[in-house]
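Numbering (full-length UniProt numbering), first residue to last: 1 to 309.
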């Protein structure tokens with residue numbers, strides 16, 4: 001085990017991570033660090049051996065941790081990073097829930113309603129350039145404050161993150177601590193009603209009560225009528241999964257949800273290996289059926305479990 005610096009937050013060795021993910025699977029982290037605040041985080045990273053890998057974890061809403069766990073340090077930010085400040089702009093801590101940011105902004109007549117139905121935190125939303133209803137983080141993000149792996153701090157303009165569909169660029173080991181968002185103005189009552197309508201639509205079409213991690217695969221790019229590549233993503237992953245006959249497919253306790261076939265689900269007793277294997281089977285079947293290679297949207301991290309035999 002590597003040496004650990006003194007902290008004001010909490011360090012837990014050999015911490016099981018399954019209870020911290022929406023899918024409820026995964027092995028332990030060598031160390032889980034829950035920093036007290038930005039100063040605590042920066043001091044820890046500055047003192048930590050630079051050879052020790054670091055992984056930043058939000059609320060585990062878009063994550064499969066493999067059964068063998070994660071080597072190194074997993075950083076999970078909480079109360080010291082969940083503040084939301086509303087002014088001309090919205091400044092949200094990395095641990096602030098997307099839904100809370102949307103609701104607080106709407107109450108002040110600022111339109112971030114697209115965040116209301118996105119599971120997870122602002123830090124994850126920035127990293128994934130999360131979006132819904134045709135609006136993405138890239139449309140409203142001004143900048144992010146980060147702590148780098150060596151403990152130094154900086155501010156990165158949105159333009160320097162190369163925000164694209166479900167991806168961004170960020171230096172290895174860098175930790176987003178807050179984001180500044182430019183939100184369009186709107187009527188608070190109308191924004192509230194829009195969010196209520198969005199929630200109702202989501203609950204009608206998605207398995208929100210099941211153990212999922214949101215959309216499993218990115219919507220694939222299609223082709224326009226002229227034969228040119230089309231990045232509008234009008235072709236939906238669920239449709240090609242259905243066409244390949246994989247709605248309801250199972251491996252162990254994992255299932256492609258019958259209500260929405262792009263939701264990989266822990267139906268009870270699934271391991272991370274079950275979930276990942278089913279996902280790979282879907283990818284192979286879709287490719288064989290349509291020639292489309294589905295790309296994982298769920299982040300998969302850590303090591304497979306070593307067999308006892």
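Even for Gly, the Cβ is constructed at its ideal location relative to N, Cα and C.
- Per the C-alpha coordinates, the member of 265, 150, 118 and 148 positioned closest to residue 136 is 118.
- Taking one beta carbon from each stretch, the stretch 190–203 and the stretch 263–276 have fewer than 3 pairs nearer than 8 Å; the two do not touch.
- Between the stretch 151–171 and the stretch 102–119 there are fewer than three C-beta pairs closer than 8 Å, too few to call the two in contact.
- In the DSSP secondary-structure assignment, residue 104 is not bridged to any residue.
- Annotation: residue 34 to residue 77 spans about 6 Å, alpha carbon to alpha carbon.
- With a cutoff of 8 Å on beta-carbon distance, residue 26 and residue 18 are scored as near each other.
- For residue 2, no alpha helix (DSSP H) segment is defined, and its DSSP state is neither H nor E.
- Between the alpha carbons of residue 234 and residue 7 lies a distance of about 48 Å.
- For residue 85, the uninterrupted beta strand (DSSP E) run begins and ends at 84–86, by DSSP.
- Of all alpha-carbon atoms in 16, 37, 281 and 84, the one lying nearest the alpha-carbon of residue 71 is that of 16.
- For the 8 Å CB-CB criterion, residue 265 and residue 212 form a contact.
- For the set 140, 282, 175 and 66, the Cα lying nearest the Cα of residue 101 is the one of 140.
- In the displayed model, residue 144 falls within a strand according to three-state DSSP.
- Annotation for residue 3: 49 place their beta carbon closer than 8 Å to its own, counting only its chain and skipping 5 residues before and after.
- Boundaries around residue 202 are those of the alpha helix (DSSP H), 188–205, since no beta strand (DSSP E) includes it.
- The beta carbons of residue 44 and residue 177 sit no closer together than 8 Å.
- It is roughly 24 Å from the alpha-carbon of residue 57 to the alpha-carbon of residue 219.
- Residue 184 has its alpha-carbon roughly 17 Å from the corresponding atom of residue 99.
- In this structure, residue 244 lies near residue 286, with their beta-carbon atoms less than 8 Å apart.
- Annotation for residue 71: no alpha helix (DSSP H) segment contains it, though the beta strand (DSSP E) segment containing it runs 70–76.
- Burial is judged here by how many other beta carbons sit within 10 angstroms of a residue's own beta carbon; residue 1 has fewer than 16 and is exposed.
- For residue 258, the closest of 64, 205 and 39 by C-alpha to C-alpha distance is 205.
- DSSP lists 146 as the bridge partner or partners of residue 176.
- In the three-state reduction of the DSSP assignment, residue 90 falls in the strand class, which pools E and B.
- Bounds of the beta strand (DSSP E) holding residue 153 are 153–157.
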